[in-house]
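Take the sequence shown: its position 259, counted from the start at 1, is 259 in my numbering, and no numbers get skipped.
Inspection log for the structure reproduced underneath, given as structure tokens.
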Amino acid sequence: MKWLSRLTAGLKSSSSKLTSGLSALFGKEKIDASSIEDIEDALISADLGMPATLAIIEAIKAHRWDGPVSEDGLRSVLAEQLTTILTPVEAPLTINTAHQPHVILLVGVNGSGKTTTAGKLAAKFQRDGQSVMLAAADTFRAAAIEQLAGWGARTDTPVISGERGGDAAALAFQAIEKARSQNSDVLIIDTAGRLQNRVELMDELSKIIRVIKKQMPDAPHDTVIVLDGTVGQNALAQVKAFEAHAGLTGMIITKLDGTAKGGVLVALAREFSLPVHLIGVGETAEDLDVFRAREFVSALVGGEPQEQE
Ligand SMILES: Nc1nc2c(ncn2[C@@H]2O[C@H](COP(=O)(O)OP(=O)(O)O)[C@@H](O)[C@H]2O)c(=O)[nH]1
Ligand SMILES: [Mg+2]
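And the structure:
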């Protein structure tokens, strides 16, 4: 299945959540106060967040509705607004091969999809012709180390790992040494999931970064938060906390398949000026691809956004 079909299929629940909430408006003679409330409810419950919701409502009010509210008209105003919000955060994760290695640190809460994303990224960069190394700096659970080793085996990527319970920062340090000695283009460091309110775990993350910098002062070149798209608005709190402790450079949103909360990406884009590098719509290596605003909007809203006048 091609990416666009995967994306469209994956976003189906989010898309119906958003558009079914708006369907009550179709055919209305004019946008009155009660329609505005309906629209607000629909957008909020689709996880777009308040600022984006208000911006969209303004645009709907400002739109010249010649005649009753049409489905196509509403769709296109919505698509145009979403495209405006999402386009600025569209930015792929680019590798600077001069870094040798270009170090990518993946952070986030438990179960957000970090290890899976590390594996998918390894596959993607290898396809692009880069040599990749993976580092299993989630030393808390043996299963996590095995999980990354599995991805390493499937994608033919060397995995640097240590003992369960070992020092994550020391492992990251070692991994950079290894990646340097093998001239790897990219080193992807997987870390343990941590709740944003557990201070000692967040401190450990800061330590990992400090130790990485001892080896390579300009690394990590990318510190990317992996967010589970099914958690909805809680993703915003996660970004804030990790931003404060680790200085994020970008986001990856996973599990956009089978959730009705995919609209959270809009809230994230509106709230933070962080790039959305990639999105995940399933568990296999093919289920991760670059985030493209227009494509995402058309999968979410249906139909092509109209050109802006
Ligand atoms: N449906 C779906 N599942 C995913 C996606 N990404 C990761 N997962 C699953 O989510 C679970 C947790 O992922 P994992 O990578 O172990 O999360 P981590 O704790 O952050 O390392 C695993 O069962 C993954 O297969 C995705 O894009 N879609
Ligand atoms: Mg993991």
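Glycine included, each C-beta is placed from N, C-alpha and C at the ideal position.
With the cut-off set at 8 angstroms, would you say residue i and residue j are in Cβ contact?
{"i": "I57", "j": "I85", "result": "no"}
{"i": "L256", "j": "G229", "result": "yes"}
{"i": "T139", "j": "D190", "result": "no"}
{"i": "L171", "j": "A144", "result": "no"}
{"i": "I60", "j": "V77", "result": "yes"}
{"i": "F26", "j": "V69", "result": "yes"}
{"i": "R141", "j": "R127", "result": "no"}
{"i": "D215", "j": "F173", "result": "Checking the displayed sequence, the identity of residue 215 turns out to be Gln instead of Asp. Yes. Within cutoff."}
{"i": "G21", "j": "A52", "result": "no"}
{"i": "D167", "j": "Q130", "result": "no"}
{"i": "L82", "j": "V281", "result": "no"}
{"i": "P101", "j": "R210", "result": "no"}
For residue i, collect the residues of the same chain with a Cβ closer than 8 angstroms to its Cβ; drop the 5 residues on either side in sequence, then sort them by chain order.
{"i": "V224", "result": "L93, I104, L105, L106, V107, L248, T249, G250, M251, I252, H277"}
{"i": "V239", "result": "I225, L227, L248, M251, L268, E271, F272, L274"}
{"i": "A285", "result": "G119, K120, A123, K124, R154, T155"}
{"i": "E283", "result": "T116"}
{"i": "L201", "result": "A192, R194, L195"}
{"i": "Q306", "result": "Below a pLDDT of 50, predicted positions are generally treated as unreliable, and Q306, at 41, falls in that range; the measurement from the model is reported next regardless. Counting only Cβ-Cβ distances below 8 angstroms, and skipping sequence neighbours, we find S76, A79, E80."}
{"i": "Q182", "result": "S131, M133, P158"}
{"i": "A149", "result": "A136, V159, S161"}
{"i": "S23", "result": "E71"}
{"i": "T19", "result": "R75, V301, G302"}
{"i": "I44", "result": "M50, T53"}
If you drop the 5 nearest sequence neighbours on each side, which residues of the same chain put their C-beta closer than 6 angstroms to that of residue i?
{"i": "A219", "result": "V103, I212"}
{"i": "D47", "result": "G232, K261, G263, V264"}
{"i": "A9", "result": "none"}
{"i": "I160", "result": "A135, A175, K178"}
{"i": "A299", "result": "L7, T8, L11"}
{"i": "N110", "result": "G193"}
{"i": "D289", "result": "W3"}
{"i": "G162", "result": "L171"}
{"i": "K17", "result": "A46, A260"}
{"i": "L1", "result": "The residue asked about is misnamed: residue 1 is Met in this sequence, not Leu. Hits under 6 angstroms: none found."}
{"i": "T97", "result": "D185"}
Here's a check: name, in chain order, each residue in its chain whose Cβ is nearer than 7 angstroms to the Cβ of residue i, leaving out the five neighbours to either side.
{"i": "A122", "result": "V132, L134, W151, T155, T157, I188"}
{"i": "K207", "result": "A169"}
{"i": "K28", "result": "S35, P68, V69"}
{"i": "S112", "result": "G193, V226, L227, D228, T254"}
{"i": "Q308", "result": "Bear in mind that the predicted position of Q308 carries a pLDDT of just 40, short of 50, making it unreliable; the figure below should be weighed with that in mind. Once the five neighbours on either side are set aside, the close Cβ partners of Q308 are E80."}
{"i": "R198", "result": "none"}
{"i": "H245", "result": "M202, L205, S206"}
{"i": "Q147", "result": "T115"}
{"i": "F291", "result": "E90, V276, H277, L278, I279"}
{"i": "A235", "result": "L227, V264, L268"}
{"i": "E295", "result": "L4, L7"}
{"i": "A293", "result": "T83, L86, T87, E90"}
Throw me the rounded Cβ distance for the residue i and residue j pair, which I believe falls under 8 angstroms.
{"i": "T254", "j": "T117", "result": "6 angstroms"}
{"i": "I31", "j": "W65", "result": "7 angstroms"}
{"i": "S15", "j": "T259", "result": "Between T259 and S15 the Cβ distance is about 11 angstroms, and since that is not below 8 angstroms, they are no contact."}
{"i": "A79", "j": "V297", "result": "5 angstroms"}
{"i": "H63", "j": "H221", "result": "Between H221 and H63 the Cβ distance is about 43 angstroms, and since that is not below 8 angstroms, they are no contact."}
Could you tell me if the beta carbon of residue i falls within a distance shorter than 7 angstroms of some heavy atom in ligand 3?
{"i": "K114", "result": "Summarising the ligand content, the structure contains ligand 1 and ligand 2 and does not contain ligand 3."}
| Completely contained alpha helix (DSSP H) runs for the stretch 147 to 189, where each covers 4 or more residues | 168 to 181
| field | Every unbroken alpha helix (DSSP H) within the stretch 244 to 306, with a cutoff of 4 residues, ordered by chain | value | 264 to 271, 293 to 301
| task | Could I get the ranges of all uninterrupted alpha helix (DSSP H) runs contained in the stretch 201 to 226, with 4 residues as the minimum, in chain order? | result | none
| Continuous beta strand (DSSP E) assignments of at least 3 residues falling wholly in the stretch 24 to 90 | none
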